[in-house]
Amino acid sequence: MPYAHNGDVSLYYEEYGPSDGPTLLMIEGYTAQLVGWEMGFVRKLNEQGIRTILMDNRDVGLSSQLGAPEQTGKCYSLADMAADVAAVASDAGAEQFHVMGESMGGMITQQVITDYADRVKSAIIMFTVPEYAAQWMASPESAESGSSEGLDYAETRDEAIDMFVSRERACHVGSAYVFNEDWARELGGITYDRCYRPDGWRRQNAAIADFRIDQDKLAAFDKPTAVIHGRKDPFFSPKAGEYIADLLGGELHLYSGMAHEVPEPLWDEFAGIIARTVAAGEDRD
Numbered sequence: 001m002p003y004a005h006n007g008d009v010s011l012y013y014e015e016y017g018p019s020d021g022p023t024l025l026m027i028e029g030y031t032a033q034l035v036g037w038e039m040g041f042v043r044k045l046n047e048q049g050i051r052t053i054l055m056d057n058r059d060v061g062l063s064s065q066l067g068a069p070e071q072t073g074k075c076y077s078l079a080d081m082a083a084d085v086a087a088v089a090s091d092a093g094a095e096q097f098h099v100m101g102e103s104m105g106g107m108i109t110q111q112v113i114t115d116y117a118d119r120v121k122s123a124i125i126m127f128t129v130p131e132y133a134a135q136w137m138a139s140p141e142s143a144e145s146g147s148s149e150g151l152d153y154a155e156t157r158d159e160a161i162d163m164f165v166s167r168e169r170a171c172h173v174g175s176a177y178v179f180n181e182d183w184a185r186e187l188g189g190i191t192y193d194r195c196y197r198p199d200g201w202r203r204q205n206a207a208i209a210d211f212r213i214d215q216d217k218l219a220a221f222d223k224p225t226a227v228i229h230g231r232k233d234p235f236f237s238p239k240a241g242e243y244i245a246d247l248l249g250g251e252l253h254l255y256s257g258m259a260h261e262v263p264e265p266l267w268d269e270f271a272g273i274i275a276r277t278v279a280a281g282e283d284r285d
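Each residue of the sequence shown is one higher than the last, beginning at 1 in UniProt numbering.
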């Protein structure tokens with residue numbers, strides 16, 4: 001099992017696709033493990049010739065837990081998590097790489113391209129915000145990481161899976177796409193069996209709480225970019241996606257029926273956007 005190291009933090013990752021293809025780091029969102037990327041979607045990227053690297057962020061999955069169960073306050077920042085991404089890329093032999101993240105992973109992606117601009121060839125940023133602040137939320141009460149729904153400790157595996165499904169369902173509120181409860185329930189079991197540490201989620205939450213990207217540095221990033229956001233996102237307003245795309249001068253893709261999700265009917269279109277962005281980054285060499 002491959003592990004990268006950022007100081008004392010161990011970071012588990014998996015590689016898929018052609019070993020000689022351009023390397024794309026795929027960064028998951030708040031509380032999510034790398035298994036949250038559906039393999040059908042990952043394979044579509046691999047079929048485009050892209051080498052994909054999926055990683056467990058710190059405090060989830062098989063990567064390091066950064067505290068004891070009672071330690072749920074802030075003990076690291078999203079800049080530290082961006083350094084984790086750079087460490088994984090280095091361990092995978094990619095001095096230059098492309099990066100894509102969703103939700104919290106989109107925040108981390110912004111941090112990566114401001115802190116490691118010389119290493120990043122292109123970026124794809126999915127349903128996220130440039131700052132964790134009320135102005136970018138879909139509604140005052142919609143802050144994703146601010147909600148404790150379904151994040152309490154479960155007494156049993158079945159209870160934990162039920163809570164996982166409820167959190168996934170919340171991401172799909174308002175969506176025009178069918179919520180796949182069977183897959184959500186299966187994924188809940190997989191994530192529980194890999195690592196069940198809700199205290200780690202709280203530490204991620206504390207890292208998100210004061211996130212604010214350096215907008216001048218973000219605007220200075222001059223590589224190919226694409227921003228994907230749903231108009232029905234129940235957490236983050238599409239205004240946030242518009243604002244990030246405007247700062248970057250990149251492509252903006254807004255989907256009228258999409259919530260906080262990567263719906264299967266859009267996989268082909270997303271794969272095309274990502275492959276085009278990656279290819280443009282490769283052409284810059």
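We put the CB at the ideal spot given by N, CA and C, even for glycine.
From a predicted model like this one, the values you see are computed outputs, not experimental measurements.
(message) What would DSSP say about Phe97, mapped onto helix, strand or coil?
(response) strand
(request) Using the Cα positions of Gly105 and Ser64, report the straight-line distance between them to the nearest angstrom. (result) 17 Å
(message) Is it the case that the region 101-121 contacts the region 75-85, given that we only count it when at least three CB pairs across the two stretches are under 8 Å?
(response) yes
(request) Decide if Val227 is buried, meaning its Cβ has at least 16 other Cβ atoms within 10 Å, or exposed. (result) buried
(request) Starting from the N-terminal side, write out each stretch of the alpha helix (DSSP H) that is 4 residues or longer and does not extend beyond the region 40-116. (result) 78-91 and 104-115
(request) With DSSP as the reference, label Arg119 as helix, strand or coil. (result) coil
(request) Please classify Ile27: is it buried, with 16 or more other beta-carbons within 10 angstroms of its beta-carbon, or exposed? (result) buried
(request) Classify Gly29 as helix, strand or coil using the three-state DSSP reduction. (result) coil
(request) Please state whether DSSP places Thr277 in a helix, a strand or coil. (result) helix
(message) Starting from Gly188, trace the beta strand (DSSP E) in both directions and tell me its first and last residue.
(response) Careful: Gly188 lies outside any beta strand (DSSP E), inside the alpha helix (DSSP H) at Glu181 to Arg194.
(request) Can you give me the Cβ contacts of Leu78 inside the same chain, cut-off strictly under 6 Å, excluding the 5 residues immediately before and after it? (result) Met107, Ile108, Gln111, Ala207 and Phe211
(message) According to DSSP, simplified to helix, strand and coil, what is Val35?
(response) helix
(request) May I ask you to list the residues that DSSP assigns as paired with Glu14? (result) Leu54
(request) Consult DSSP for Glu168 and reduce its assignment to one of helix, strand or coil. (result) helix
(request) From the DSSP output, read off the bridge partner residues of Thr128. (result) The bridge partners DSSP lists for Thr128 come to none.
(request) For the beta strand (DSSP E) holding Glu251, just list the boundary residues, first then last. (result) Glu251 to Tyr255 is the span of the beta strand (DSSP E), which, as asked, contains Glu251.
(request) Scan the region 198-233 and note each continuous beta strand (DSSP E) run of 3 residues or more that stays entirely inside, going in chain order. (result) 225-230
(request) Compare the C-alpha of Phe164 against each of Phe97, Asp152 and Ser175 and name the closest. (result) Asp152
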